[in-house]
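Student:
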Amino acid sequence: DVEVTQSSRYLVKRTGEKVFLECVQDMDHENMFWYRQDPGLGLRLIYFSYDVKMKEKGDIPEGYSVSREKKERFSLILESASTNQTSMYLCASSLSDRPRLSNFGPGTRLLVL
Amino acid sequence: KQEVTQIPAALSVPEGENLVLNCSFTDSAIYNLQWFRQDPGKGLTSLLLIQSSQREQTSGRLNASLDKSSGRSTLYIAASQPGDSATYLCAVGPGNTGKLIFGQGTTLQVKP
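Chains as they are written, first to last, in the working numbering: chain A, 30 to 142; chain B, 29 to 140.
#1: Residues of chain A with CB under 8 angstroms from Cys88/B, in chain order?
#2: Note down the Cα distance separating Lys100/A from Leu74/A, rounded to an integer number of angstroms.
#3: Inspect the beta-carbon positions of Asn91/B and Leu77/B and report whether they are closer than 7 angstroms.
#4: With 7 angstroms set as the bound, which would you pick, yes or no: does the beta-carbon of Arg129/A sit closer than that to a beta-carbon of chain B?
#5: What residues from chain B crowd round Pro135/A, counting only those whose CB sits closer than 7 angstroms?
#6: Does Ser123/A come within less than 7 angstroms of chain B when only Cβ atoms are used?
#7: In chain order, what residues of the segment 115-130 of chain B put their CB closer than 9 angstroms to some CB of chain A?
#8: Report the residues of the segment 29-50 of chain B with a CB closer than 7 angstroms to any CB of chain A, ordered along the chain.
#9: Could you list which residues in chain B have their beta carbon closer than 7 angstroms to that of Leu74/A, in chain order?
#10: Any idea what DSSP makes of Gly111/B, helix, strand or coil?
#11: Does the beta carbon of Gly92/A sit closer than 7 angstroms to a beta carbon anywhere in chain B?
#12: For Asn46/B, count the other beta carbons within 10 Å of its own beta carbon; 16 or more makes it buried, fewer makes it exposed. Which is it?
#13: Which same chain residues end up closer than 8 angstroms to Met83/A when comparing Cβ atoms and leaving out the 5 residues on each side of it in sequence?
#14: Please state if the CB of Leu72/B and the CB of Tyr116/B are separated by a distance shorter than 7 angstroms.
#15: Verify whether the separation of the beta carbon atoms of Arg138/A and Tyr39/A is less than 7 angstroms.
#16: Pull up the distance between the alpha-carbon of Glu46/A and that of Gln30/B, whole angstroms please.
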């Protein structure tokens with residue numbers, strides 16, 4: 030089955046910890062994305078990548094960084110977790126050609142205490 | 029700046045009813061539009077994608093339309109079932125990068 034997987038469904042971390050969220054896709058997609066979803070704010074784009082070692086900031090990149098060393102894997106890094114980063118994190122991927130259908134992973138619910 | 033709005037925020041209907049979910053966007057220069065379904069605590073499942081040159085797409089009991097000039101899309105669900113209960117999200121692709129701008133969603137409850 031083609032799919033996007035995320036390393037954890039639930040994660041609890043302490044303020045100040047460095048947090049890694051991993052996303053893997055098996056569809057050979059060029060584009061990969063990290064969104065966060067919050068009640069009342071909807072889904073917002075954090076970072077995206079259109080190729081290995083390439084990255085671009087989305088709408089809310091502050092406090093986050095990303096890594097794409099291999100085509101299938103896109104990591105989101107919280108350098109020093111804060112309570113306002115408690116959220117649902119969703120990874121997605123798509124081809125660079127039409128129709129650019131986005132496929133989403135199951136999400137990681139992160140709680141920062 | 030592109031903004032996507034979905035009205036209503038919540039909808040409750042009896043089983044068997046046909047229903048329409050609405051999505052509006054402020055900038056008509058879009059690349060594509062996608063409709064997703066999200067079950068509580070889960071990720072997003074893609075339902076339909078409409079390219080900017082298309083007017084509608086159909087999949088089973090679902091039909092999505094796109095009117096770029098008026099900045100509107102609708103998702104029509106025929107003969108609704110309790111299993112259709114979920115949050116439905118509309119997302120606009122503003123360019124060819126694959127990025128999406130989401131609406132807040134419509135939470136649908138279909139009562140048996």
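All C-beta atoms in this analysis are idealised placements derived from N, C-alpha and C, irrespective of residue type, glycine included.
As the structure is a prediction and not an experimental result, all values here were calculated from the model.
Tutor: Looking at the coordinates:
#1: Note that residue 88/B is Gly in the sequence shown here, rather than Cys. By Cβ distance, chain A contributes nothing, its closest Cβ being about 17 angstroms from Gly88/B, past 8 angstroms.
#2: Between the alpha carbons of Lys100/A and Leu74/A lies a distance of about 19 angstroms.
#3: Inclusion of Asn91/B and Leu77/B in the CB contact set at 7 angstroms is not warranted, their separation being larger than that value.
#4: Taking Cβ atoms only, chain B reaches closer than 7 angstroms to Arg129/A, which makes this a yes.
#5: Under the 7 angstroms cutoff, chain B gives Lys70, Gly71.
#6: By this cut-off, Ser123/A is an interface position.
#7: Result list: Leu117, Ala119, Gly121, Asn124, Thr125, Gly126, Lys127, Leu128, Ile129, Phe130.
#8: Correct list: empty, as no residue qualifies.
#9: Neighbours of Leu74/A on chain B, chain order: Lys127.
#10: In the displayed model, Gly111/B falls within a helix according to three-state DSSP.
#11: It does not; no Cβ of chain B falls within 7 angstroms.
#12: With fewer than 16 other Cβ atoms within 10 Å, it is exposed.
#13: Sequence-distant partners of Met83/A (beyond 5 residues in either direction) whose C-beta falls short of 8 angstroms from its own C-beta, in its chain, are Arg97.
#14: Note that the C-beta distance between Tyr116/B and Leu72/B is not below 7 angstroms.
#15: For the pair Arg138/A and Tyr39/A, the CB atoms are nearer than the 7 angstroms cut-off.
#16: So the alpha carbons of these two residues sit roughly 35 angstroms apart.
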